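Residue numbers (full-length UniProt numbering): 1 to 158.
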């Protein structure tokens, strides 16, 4: 309940079993009013500045096969787990901030999928976030093109 009542004052990691974690990760969806906007992570340990940890990063919602392929799914909940993965498992904190900023810029620009009262498609919102992300990363000098980021991530995958 504290998570919903005082969400701005809460910045913690909740250590719990996977089942209970799945249940309580749905609770904060009341804050934006939609379950499709929030990310979730199940981590193998406690991440810190020096050590990376493995994790499973995902949106808090399920697969929604009834609306799949119709272009009406909000991609934000699938994009934001990437922002969680980057600092904890890839040690890329600046890139994580850039992903979050790109999402904010796209939403601040008025793009809304059907679940948020708009008519933008999944592809339009996803493409807008990617374009904003490219601009942000290039402006920060973090990335000259997408291949740079891929090369930085590859050693982690190997």
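Where is the CB? At the ideal position from N, CA and C, for every residue including glycine. Quick caveat, the model's predicted, so the values are computed rather than measured.
{"Item": "Please report the residue range of the alpha helix (DSSP H) in which residue 89 lies.", "Value": "76-89"}
{"Item": "Tell me, which residues are paired with residue 44 by DSSP?", "Value": "For residue 44, which the question treats as bridged, DSSP gives no partner whatsoever."}
{"Item": "Measuring straight from C-alpha to C-alpha, what distance separates residue 45 and residue 91?", "Value": "14 Å"}
{"Item": "Taking the alpha carbon of residue 79 as the point to measure from, which residue in 130, 20 and 142 has its own alpha carbon closest?", "Value": "130"}
{"Item": "For the alpha helix (DSSP H) containing residue 59, name the first residue and the last one.", "Value": "Where residue 59 is concerned, there is no enclosing alpha helix (DSSP H), although the beta strand (DSSP E) it sits in stretches over 55-59."}
{"Item": "Would you call residue 68 buried or exposed, if buried means 16 or more other Cβ atoms sit within 10 Å of its Cβ?", "Value": "exposed"}
{"Item": "With distances taken between CB atoms, is the gap from residue 116 to residue 74 smaller than 8 Å?", "Value": "yes"}
{"Item": "Which of the three DSSP states is assigned to residue 93 in this structure?", "Value": "helix"}
{"Item": "Less than 6 Å between C-beta atoms, sequence neighbours within five positions excluded: which residues of the same chain meet that for residue 106?", "Value": "128, 129 and 132"}
{"Item": "For residue 83, count neighbouring C-beta atoms within 10 Å of its own C-beta (all shown protein chains included) and say buried if the count is 16 or more, exposed if not.", "Value": "buried"}
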